[in-house]
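Residues in the sequence shown are numbered consecutively from 5, following the numbering used here.
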Amino acid sequence: MKQWSTAPVLILNGRPYGEDRVDLLLADGVIVAVGDDVRTHPAIGAAQVIDADGLVVLPGLVDLHTHLREPGREDAETVETGSASAALGGYTAIFAMPNTDPTADTAGVVEQVFRLGVQAGLVDVFPIGAVTVGRKGERLAELGAMAASAAHVRVFSDDGDCVADPLLMRRALEYVKAFDGVIAQHAQEPRLTIGAQMNEGVVSAQLGMTGWPAVAEEAIIARDCLLADHVDSRLHVCHLSTAGSVEIVAAAKARGTRVTAEVTPHHLILTDERAVGYDPVFKVNPPLRTGSDVEALRAALAAGVIDIVATDHAPHAGQDKETEWDNAKPGMLGLETALSVVIDTMVNTGLLDWRGVARVMSENPATIGGLTDHGRPIAAGEPANLVLVNPTAFWTVRGQEMASLSSNTPFEGVTLPGRVVATFLRGTATVRNRALQEKSEV
Ligand code: DOR
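If you want it as structure tokens, here you go:
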């Protein structure tokens, strides 16, 4: 698909990590010069010049948790449209969850997704392999074959469902040690969440909806931390959503457990009060929790107990979402709004600085996913995977205007801070500097 510039790019007066202004020269896929060295570099004459005065420069964002829906539900999203959505959100690499149809549980399917990502060419797409065949939780999928495939899978998950059987979970954790893989667990004890529609608490009682108790998440996280310890393997906890989960992960980390954890943008800002209007756009799994959970999640992200922000970008076709709450599929779009939500909840509140944003949205997810070309420092010789952000701009979210094929954003009509101006994948602009034009207007 489209990329707009292969010429060298000169970024003038950008502010890496929101710090001092500096010029950056990108050529041949790398940052070839920074600061004073730019002026004497031979490539400078041919460069396309971008006035980045006032813009924050970050390493390209990395999303460890995206649903691309291809193969199987190309009416909701494709690898190409999801890639475009990611580039607009400032991402240069995304990990695609395997709950597709067919399930990404073989070398063949993960290679197909990987190839589609290369064809789209807007972000690097890394398939996540299913832990169990068909995500049915009955027997292990071909983890080794997926790891050895051209897709080079290192992250495995049955996301959407929990690997509930402790023996299977143990075996999966043991198996991936051979290639330094990681099991990303969707922590949801199934017996405790039968028929659950939203967070179990005051609001679910008022609405008469079946509740999804915090303990259903926390019990699995506690169990899996113990299992990861027992076999000395790597566990990653998907979309942590409760204050109790934070306590369990903190205690496990203090003990030396090899556990990492993610939080979604929506769990950093929205609460279960949103269910009051019965608008299924707010139905998500795990569900939106309480205000005190939101506070605990923000504090844990700031403190490093939670390692990363991951979108859980979950596009759904209109007929699956615009229906009564009980029948609607859980999930919400995330890629195009994630950075703005993080700016709103973490930067503008003083909880994270821009280095912190780079850490939780680029460096740490790249490390967990085993990437060596993303999440790198902004320095000469490093891959030119970068995003330019206007930190003072505001924009109003419109689902219909998004690159995603679906429009189930929980932020419809909401004005959010911070705008991605340009995204560069190996020195090539994958976003056509949309907001560079808007910059003069804000
Ligand atoms: O809300 C969710 N939607 N949570 C998940 O775990 C799966 C996802 C999806 O695939 O739609």
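Backbone N, C-alpha and C define an ideal beta-carbon position, used for all residues, glycine too.
Check: residue i C-beta below 7 Å from any heavy atom of ligand 1
i	result
residue 333	yes
residue 71	yes
residue 318	yes
residue 163	yes
residue 190	yes
residue 288	yes
residue 203	no
residue 17	no
residue 412	no
residue 389	no
residue 103	yes
Residue j beta carbon less than 8 Å from that of residue i
i	j	result
residue 410	residue 269	no
residue 57	residue 96	no
residue 81	residue 72	yes
residue 431	residue 388	yes
residue 84	residue 110	no
residue 203	residue 291	yes
residue 374	residue 158	yes
residue 240	residue 168	no
residue 100	residue 134	no
residue 355	residue 300	no
residue 378	residue 66	yes
residue 47	residue 75	no
residue 325	residue 285	yes
residue 264	residue 233	no
residue 30	residue 369	no
residue 304	residue 312	no
residue 86	residue 344	no
residue 28	residue 53	no
residue 352	residue 421	yes
residue 403	residue 386	no
residue 103	residue 164	yes
residue 193	residue 229	no
residue 399	residue 22	no
residue 70	residue 90	yes
residue 211	residue 175	no
Cβ-based burial, residue i [other Cβ within 10 Å; buried from 16]
i	result
residue 426	buried
residue 419	exposed
residue 8	Only weak support exists for where residue 8 lies, its pLDDT of 46 falling under 50; the value from the coordinates is given anyway. Under this definition residue 8 is an exposed residue.
residue 440	Confidence at residue 440 is low in this model, with a pLDDT of 46, below 50, so its placement is unreliable and no value can be given for it.
residue 296	exposed
residue 122	exposed
residue 317	buried
residue 142	exposed
residue 177	buried
residue 236	exposed
residue 171	exposed
residue 443	Bear in mind that a pLDDT of 40 at residue 443, under 50, signals an unreliable position, so the model cannot answer this.
residue 77	buried
residue 198	exposed
residue 327	exposed
residue 6	With a pLDDT of 43 at residue 6, under the threshold of 50, the modelled position of this residue cannot be trusted, and the question is left open.
residue 266	buried
residue 446	Residue confidence is low: residue 446 scores 31 on pLDDT, short of 50, so the model does not pin down where it sits. Its coordinate-derived value is still stated next. Result: exposed.
residue 44	exposed
residue 331	exposed
residue 287	buried
residue 434	buried
residue 155	buried
residue 397	buried
Assumed close pair residue i, residue j - CB separation to whole angstroms, cut-off 8 Å
i	j	result
residue 302	residue 350	7 Å
residue 125	residue 424	Not quite, the Cβ-Cβ distance comes to about 18 Å (not below 8 Å), so this is no contact.
residue 366	residue 242	In fact, because the Cβ distance is near 18 Å, the residues do not count as touching under 8 Å.
residue 215	residue 191	Incorrect: roughly 16 Å between the Cβ atoms, too far for contact.
residue 18	residue 26	6 Å
residue 293	residue 276	6 Å
Report task. Spell out a yes or no on whether the stretch 196-216 and the stretch 278-287 are touching, meaning 3 or more CB-CB pairs, one atom from each, closer than 8 Å. Result -> yes
Requested in this report: Check whether the stretch 146-160 touches the stretch 333-345, counting contact only when three or more Cβ pairs, one atom from each stretch, lie closer than 8 Å.
Outcome: no
Query raised in the report: Quick check: the stretch 238-257 against the stretch 219-227, are there 3 or more CB pairs under 8 Å?
Result: yes
Query raised in the report: Taking contact to mean at least 3 C-beta pairs separated by less than 8 Å, is the stretch 382-397 in contact with the stretch 60-69?
Result: yes
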